[in-house]
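Notes follow once the structure below has been shown.
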Amino acid sequence: MDRKNALNDKILLSVEKPARYTGGEINSVMKDKDKVDIRFAMCFPDVYEIGMSHLGLQIIYTLLNNRDDIWCERVFSVWPDLHNIMKADNIPLFALESQDPIKDFDFLGITLQYEMAYTNVLQVLDLAGIPFNASDRTDADPIVIGGGPCAYNPEPLADFFDMFYIGEGETVYYALMDLYKEHKKSGGSKMDFLIAASQIPGIYVPMLYEVSYKEDGTIGSFRPKAEYADTVPETIIKQVVSDMSFEMYPENPVVPYVQATQDRAVLEIQRGCIRGCRFCQAGYIYRPFRTRSLEALKKYAEKIIANTGYEEISLSSLSSSDCPFLGDLLDFLIKEFHENKVNVSLPSLRIDEFSLDIMSKVQDVKKSSLTFAPEAGTQRMRNVINKGITEEDIMDGSEKAFLGGWNKVKLYFMLGLPGETEEDIKGIADVAENIAELYYDTVPKEQRMGKVAITISTSFFIPKPFTPFQWEPMYKPEVYLEKAALLNETVKSKLNKKSIKYNWHDAKTSVIEGLLAKGDRRICEVISKVYEKGGFYDAWTEHFDYDRWLEACDEAGVDMDFFVYRRRSLDEILPWDFINIGVTKKFMLKEYDNSLKEIVTPNCAEKCSGCGAGCFGGGICIENKN
Amino acid sequence: MKIRIKFSKNDSVKFLGHLDIMRFFQRAFVRAGVKMLYSEGFNPHQKMSFAQPLGVGITSTGEYLDADVVDGQDLTEIKENLDKACQGGFDILSVKELPLGVPNAMSAVKYASYSADFNDNILPDLNGFMAQECILTNKKTKSGVKEIDIKPLIYKCELNGNTLHFIVSAGSENNIKPDLLLENLMSFLGLQYSRDMVKITRRDLLGDNFIPLSDL
Ligand code: SF4
């Protein structure tokens, strides 16, 4: 098919990586726009290479394009160089496949993977020529729908979306599309459609709800507007796939021409996590833990490689070590792909004999590093956050790895965790120092491949909705930096300081991420003001401007002290309380209490703690009972 | 065995850079089910090499790559399957076995032939241009900008309607990019050159005696 580019050659030759914008990649789907009923633009609001690395996008793309009556296309944030040209020349944002303007589409679906991409959402709307506020749009504008992990607190974006979908894409998209088709045929208004859609489980239409605030600024009430009280639900229930073994898989993922950030085939082996680390949102919102079937995964892997030609396949999950058939799957993949030299890569595994054996099969020991994420420096603190890894685990794993030839270790920690003391911070340096000593004790001089290289990375703890720490305040950036400085000093005081490198994250980005994560509808104005001031690509350090955010907060009357630095009271209405993720608030409160008492909660495989996610009738909650 | 593949780079993929194309073919071979030979070591890679990188925005009807593949595979099958695996972005024009001892594509390239279609009828007679005693040009090299005479490196330069056909020196020594010639020609005519006034196509890559690499 002859495809005409939306941008002329002059423009394409003047921008960085023009192939980001010309589509036509292997496995991209072309259809006749006159022969489909629904045109859906699926957007990842970041640059092409990042968006194309995201499995969820490929899942929705496949799911929707599997239907003959829908054509799903892709759209990403354009890079600032092209942004300026499009603004100056009034070129509307277009989808990659047809190169047609987004404004002509029925739906614009935006996946919300991280908070710092929120300003890019406005960039997409702006370039597409779609009014920012859903209430200002006409029936001719596409319906803007948001999904992904950040949709679990959709309120900071409530003004900008016609609807959010809370849950996994596989479950209700077809029902929503069918409803839309019917509605299009009968010629109803957009509002009629939104009201009808709000009755599909998992669909949240913010426009139909109203919030009132108390004098102290906390939420007084959150409920459907009076006129819709009888029709729209008061709570939105997350939708999940209850049996992953029968789900479709993107066996024909689009293979980018431009090198993607994750430039490989991805095999999602399971969803959810049994661990319940108390800081981890994914660990709660994706409950229950479900695995795909081994047989299906083998088949997918073969097909994906045959259809893409990728030279690497990576297993994706929150915690691969918990996969019951990991060894069998890896053996299969290594054998299967031997001839085509396809590399098998493993996301961070718990380091033990088993995983070291596998790792030595699939990677170059000399070059690769061991990764541990103890997240906290002392056992006390690890109990607080329910991180079930002990220093003994780390030492055992390291010792075996050192004997196996490894000499690089990466350690991930968080600073600013609830109840953190100086001891906990210094403890991080102790862990690194102990590993360094262990190396020199374990590996005889003549066998050492140079010094041991230990890298400590710390991020600052950001309390997230739907975690037992959702009530926690953050520290101010300068306090975070003091913590990082203390750790840095402690590292410098160690005997093996030359073997230990320490990096820390930017504290200013962290507090803004905290604002966006735990904000409510009043944050919408802050985001639009930041965008008006020229801010987007805030997920990119070089484009993030802290002062611009503070200014916008000021102008919007949003107080960081209230939203970010305040401990929320246990009985206040949280902005995301109207969403039911299965895991109950009661359980969160209990977990919060356990954290204060430094009590560890067993993981779902050891013992069900009755979190509430059993209501979905699938995964480990059911298997455990049998 | 070593095979030489001649392929076109069509309009839809003209914005791909050289690294993108290398990655593309590496994967296309796997999709096509061609059995490749790999290098040893922990990160084995396919043994393949391209004749000459092509600039972003330029199409071609004569690109080449040499690859080491497992013996005994049918060349017609390779051609068909690889062509299918390219889904229209590149057409596979020929696949031939390279006899032992034939230099690889990269070292065999001596000349490149191009055509440049101008949007407007802006080119007058070229006699004056080629009649110059020397054509001095600033050429970027590894050690900075150097002034060189490119006239002896131009083997043909003819106008046919709005299309300029030219053959210039190519390969590892004295590689003349089409832009370099066109820019010079424009300034000779007192015009400002910009890439969007012309559609450039590489017609073919040639070895000794101006023989296309596919026929060596
Ligand atoms: S119900 Fe039990 S098994 Fe299921 S996710 Fe909750 S704690 Fe785990």
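For the protein sequence lines, the chains are E and U, in the order given.
Residue 1 is where the first sequence starts when you use my numbering, and the numbers rise one by one after that.
Residue 1001 is where the second sequence starts when you use my numbering, and the numbers rise one by one after that.
Virtual Cβ for every residue (Gly too), placed ideally from N, Cα, C.
Treat the numbers as computed from the prediction; the structure is a model and nothing was measured.
* Asked: Rounded to a whole number of angstroms, what is the C-alpha to C-alpha distance between D424 (chain E) and L486 (chain E)?
  -> Locating residue 424 (chain E) in the first sequence gives position 424, counting from the first residue. Locating residue 486 (chain E) in the first sequence gives position 486, counting from the first residue. C-alpha separation (whole angstroms): 11 Å.
* Any non-hydrogen atom of the ligand SF4 within 7 Å of P641 (chain E) CB -> Because chain E is modelled from 1 through 626, residue 641 (chain E) falls outside the range shown and cannot be assessed.
* Asked: Hey, is A282 (chain E) close to the ligand SF4, as in C-beta under 7 Å from one of its heavy atoms?
  -> In the first sequence, counting from the first residue as 1, residue 282 (chain E) sits at position 282. A282 (chain E) Cβ: outside cutoff for every heavy atom of the ligand SF4.
* To do: Can you grab the Cα-Cα spacing for the pair N1104 (chain U) / F1025 (chain U), in whole Å?
  => Against the second sequence, residue 1104 (chain U) aligns to sequence position 104. Against the second sequence, residue 1025 (chain U) aligns to sequence position 25. The alpha-carbon atoms of N1104 (chain U) and F1025 (chain U) are separated by roughly 17 Å.
* **DSSP beta-bridge partners of L1065 (chain U)** => As a first step, residue 1065 (chain U) must be located in the second sequence, where it is residue number 65. Bridge partners of L1065 (chain U): U:I1005 and U:F1050.
* To do: Just mark L589 (chain E) as buried or exposed, buried being the case when its beta carbon has 16 or more other beta carbons within 10 Å.
  => Translated into positions along the first sequence, residue 589 (chain E) becomes position 589. Exposed.
* To do: Return the first residue and the last residue of the beta strand (DSSP E) that P224 (chain E) is part of.
  => For the purposes of this step, residue 224 (chain E) is taken as the residue at position 224 of the first sequence. Looking at the DSSP string, the run of the beta strand (DSSP E) that includes P224 (chain E) is I219 to P224.
* Does the ligand COA have even one heavy atom less than 7 Å from the beta-carbon of P1178 (chain U)? -> As presented, the structure is devoid of the ligand COA, carrying the ligand SF4 as its sole ligands.
* **Local Cβ density within 10 Å of C1134 (chain U), reported as buried at 16 or more and exposed below that** => Here residue 1134 (chain U) refers to the residue found at position 134 when the second sequence is read from its first residue. Exposed: under 16 other Cβ atoms inside 10 Å.
* Asked: Listed in chain order, which residues of the region 1040-1071 of chain U have Cβ atoms closer than 9 Å to some Cβ of chain E?
  -> G1041, F1042, N1043, P1044, H1045, Q1046, V1056 and G1057
* To do: Quick one: which residues of the region 1005-1022 of chain U get their C-beta closer than 8 Å to a C-beta of chain E? List them in chain order.
  => S1012, V1013, F1015, L1016, G1017, L1019 and D1020
* **Enclosing alpha helix (DSSP H) for Y1111 (chain U) [first to last residue]** => As a working note, residue 1111 (chain U) is residue 111 in the second sequence. Y1111 (chain U) -> not in any alpha helix (DSSP H); beta strand (DSSP E) instead, spanning Y1111 to F1118.
* To do: Please report how far the alpha carbon of Y480 (chain E) lies from the alpha carbon of N503 (chain E), in whole angstroms.
  => Walking along the first sequence from the start, residue 480 (chain E) turns up at place 480. Walking along the first sequence from the start, residue 503 (chain E) turns up at place 503. Using only the alpha carbons, I get a separation of about 13 Å.
* Asked: Would a check of beta-carbon distances place D1120 (chain U) closer than 8 Å to chain E?
  -> For the purposes of this step, residue 1120 (chain U) is taken as residue 120 along the second sequence, with counting starting at 1. Cβ-Cβ to chain E under 8 Å: no for D1120 (chain U).
* **Heavy atom of the ligand SF4 within 7 Å of C611 (chain E) beta-carbon** => Taking the first residue of the first sequence as 1, we reach residue 611 (chain E) at position 611. Yes.
* Specify, as a first and last residue, the run of the beta strand (DSSP E) that G146 (chain E) falls within. => Position 146 of the first sequence, counted from the first residue, corresponds to residue 146 (chain E). Its beta strand (DSSP E) spans residues I143 to G147.
* Skipping 5 residues on each side, what residues in its chain have a beta carbon closer than 7 Å to that of K214 (chain E)? -> Taking the first sequence and counting its residues from 1, one reaches residue 214 (chain E) at position 214. G220.
* Asked: For a contact meaning CB atoms closer than 9 Å, what does V121 (chain E) contact in chain U?
  -> The sequence position of residue 121 (chain E) within the first sequence is 121, counting from 1. Neighbours of V121 (chain E) on chain U: none; closest Cβ ~27 Å, over 9 Å.
* Asked: In its own chain, which residues sit with a C-beta less than 8 Å from the C-beta of K1156 (chain U), not counting the 5 before and 5 after it?
  -> Taking the first residue of the second sequence as 1, we reach residue 1156 (chain U) at position 156. Excluding positions up to five away in sequence, the list reads S1113, H1165, F1166 and I1167.
* **Closest Cα partner of I70 (chain E) within the set E:L55, E:M207, E:F40 and E:Y48** => Here residue 70 (chain E) is taken as the residue at index 70 of the first sequence, counted from 1. Nearest of E:L55, E:M207, E:F40 and E:Y48 to I70 (chain E), Cα basis: E:F40.
* Compare the Cα-Cα distances from K190 (chain E) to each of E:A229, E:E555, E:I203 and E:D139 and report the closest residue. => Numbered from its first residue, the first sequence carries residue 190 (chain E) at position 190. Taking only the C-alpha atoms, the option nearest K190 (chain E) is E:D139.
* To do: Counting only runs of 3+ residues fully inside the region 55-99 of chain E, write out the beta strand (DSSP E) ranges in chain order.
  => 70-76
* Could you name the residues that DSSP lists as bridge partners for F107 (chain E)? => Counted from its first residue, the first sequence places residue 107 (chain E) at position 107. Note: F107 (chain E) sits in a beta bridge opposite E:F40 and E:I143.
* **Buried versus exposed call for H54 (chain E) [16 or more other C-beta atoms within 10 Å across all chains shown]** => On the first sequence, residue 54 (chain E) is found 54 positions in, with the first residue counted as 1. By the 10 Å Cβ count, H54 (chain E) comes out buried.
* Asked: Using Cβ-Cβ distances below 9 Å, what residues of the region 531-558 of chain E are close to chain U?
  -> none
* Could you tell me whether the Cβ of Q1026 (chain U) comes closer than 8 Å to any Cβ of chain E? => Counted from its first residue, the second sequence places residue 1026 (chain U) at position 26. Yes, contact with chain E.
* To do: Ignore the nearest five residues each way along the sequence and tell me which others in E170 (chain E)'s own chain have a CB closer than 8 Å to its CB.
  => Counting from one through the first sequence, the residue named residue 170 (chain E) turns up at place 170. Closer than 8 Å at Cβ, skipping near neighbours: I59, L63, V241, E247 and M248.
* Using a C-beta cutoff of 8 Å, does A260 (chain E) count as contacting chain U? -> Along the first sequence, one-based indexing puts residue 260 (chain E) at 260. A260 (chain E) does not count as touching chain U.
* Cβ-heavy atom distance between C604 (chain E) and the ligand SF4 below 7 Å? -> Position 604 of the first sequence, counted from the start, is the residue given in the question as residue 604 (chain E). Indeed, a heavy atom of the ligand SF4 lies less than 7 Å from the Cβ.
* To do: Per DSSP, which residues does F460 (chain E) bridge with? Please list them.
  => Indexing the first sequence from 1 puts residue 460 (chain E) at position 460. Partner(s): E:L415.
* Report all residues from its chain with a CB closer than 7 Å to the CB of T119 (chain E); omit the five preceding and five following residues, and keep chain order. => Working through the first sequence from its first residue, we reach residue 119 (chain E) at position 119. Closer than 7 Å at the Cβ level, and outside the excluded window around T119 (chain E), lie I527, V530, Y531, G535, F536 and D538.
* chain E residues whose Cβ lies nearer than 8 Å to that of F1029 (chain U) -> In the second sequence, residue 1029 (chain U) corresponds to position 29, counting from 1. Simply G309.
* Any C-beta of chain U under 8 Å from that of P18 (chain E) -> In the first sequence, the residue the question calls residue 18 (chain E) occupies position 18. At least one chain U Cβ lies under 8 Å of P18 (chain E).
* Would you kindly report the start and end of the unbroken alpha helix (DSSP H) that includes H1030 (chain U)? => Position 30 of the second sequence holds residue 1030 (chain U). Residue identity differs from the one stated: residue 1030 (chain U) is Val in this sequence, not His. Here the alpha helix (DSSP H) through V1030 (chain U) covers H1018 to R1031.
* To do: Run the CB neighbour count on T1201 (chain U), radius 10 Å, all protein chains shown included, and call it buried at 16 or more, exposed below.
  => Taking the first residue of the second sequence as 1, we reach residue 1201 (chain U) at position 201. That one is buried.
* Asked: With distances taken between CB atoms, is the gap from Q259 (chain E) to E49 (chain E) smaller than 8 Å?
  -> For the purposes of this step, residue 259 (chain E) is identified with residue 259 of the first sequence, where counting begins at 1. For the purposes of this step, residue 49 (chain E) is identified with residue 49 of the first sequence, where counting begins at 1. Yes. Within cutoff.
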